[in-house]
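Working notes, beginning with the structure itself.
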Amino acid sequence: MIYLPDTNVFSRFLRGGETNLALHDRLLGELPFCRISAIVLSELEYGAAKSGMPKHRERVAQLRSILPDIAPFDADAAAYAGNVRAYLATLKPNAQPIGPYDALLAGQALALGACVVTGNTDEFRRVPGLIVEDW
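The numbering used here applies: residue -2 is where the sequence shown begins, and numbers increase by one.
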């Protein structure tokens, strides 16, 4: 199984601290199966750049060094993501779309047959067929 951790998971991992020890251990234990989504990498790079703090850029660089496999966002992922957004937006009268970056990550995971690891399970569990875990 391939795991695609969401931005919030990597953010918690990079913050460290005692409250994130279980996440740290799980992520390191699943390292051979984890990939950084190009979408998530973009969000992490944006956050580091916006903060203006060199330590944030260093942490993203460290993450890339331990997880060098970047999952690209390709045409299959784009097709899945478009279908996810359309499906969730048209569930009338109870339409509950998810955020655009979450839809992209969900589409990418569906295209790869991967599991999304997130602290935001409520949104991702709305996507039919998507495997979701919270570490």
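Using N, Cα and C, we set each Cβ at its ideal position, and we do this for glycine too.
Predicted model only: the values in this text are computed from it and were never measured.
Determine, using beta carbons only, whether Cys31 and Pro65 come nearer to each other than 8 Å.
no
Across which residues does DSSP place Ser34 in a beta bridge pair?
Ala68
For Gly116, which residues from the same chain have a beta carbon less than 8 Å from its beta carbon, with the 5 sequence-adjacent residues on both sides left out?
Asp3, Asn5, Val6, Arg9 and Asp131
What's the C-alpha gap between Ser34 and Ala86?
24 Å
Quick test of the definition: if touching needs 3 or more C-beta pairs under 8 Å, does the region 9 to 24 touch the region 117 to 129?
no
Counting Cβ pairs closer than 8 Å, one from the region 98 to 112 and one from the region 68 to 77, do we hit at least three?
yes
Could you give the distance in angstroms between the alpha-carbon of Ala58 and the alpha-carbon of Ala75?
27 Å
Compute the Euclidean distance between the alpha carbons of Asp73 and Asp99, then round it to the nearest angstrom.
16 Å
Using DSSP with H/G/I as helix, E/B as strand and the rest coil, what is Val6?
helix
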